[in-house]
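Trainee:
Residue numbers (our numbering): 444 to 549.
Laid out in structure tokens, this is it:
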């Protein structure tokens, strides 16, 4: 039997429905069919994927407390490097603008 993403979504939706409702009622939106039901099902699937991804991320963060977070020193070095690059580029632009008329003959 082939495993598909649609079958997985249906299984998860069935498992996560409220116990007082029947099957598939969580995937039904306003109305009972047509374009509105398909749009509701697509939105429901998107929310399910997002929720699953967030839960997996939180579980991973709880499992591995040291995830290689960026250090303060690294941030300071990057800010200094970017600031230096912007200052150098700005200085070059000012010099070119100042001497633009004199550099035309070269």
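Even for Gly, the Cβ is constructed at its ideal location relative to N, Cα and C.
Being a predicted model, the structure only gives us computed values, none of them experimental.
Which whole runs of the beta strand (DSSP E) in the segment 495–530 are 3 residues long or more, in chain order?
Mentor: Runs of the beta strand (DSSP E) inside the segment 495–530: none found.
Trainee: Suppose the cutoff is 7 Å on Cβ atoms and the five residues either side in sequence are ignored; what does the same chain contact list for residue 492 look like?
Mentor: No residues qualify anywhere along the chain.
Trainee: In angstroms with no decimal places, state the Cα-to-Cα distance between residue 520 and residue 527.
Mentor: Each residue's alpha carbon lies about 11 Å from the other.
Trainee: In whole angstroms, what is the alpha-carbon distance linking residue 482 and residue 488?
Mentor: Approximately 10 Å between the Cα atoms of the pair.
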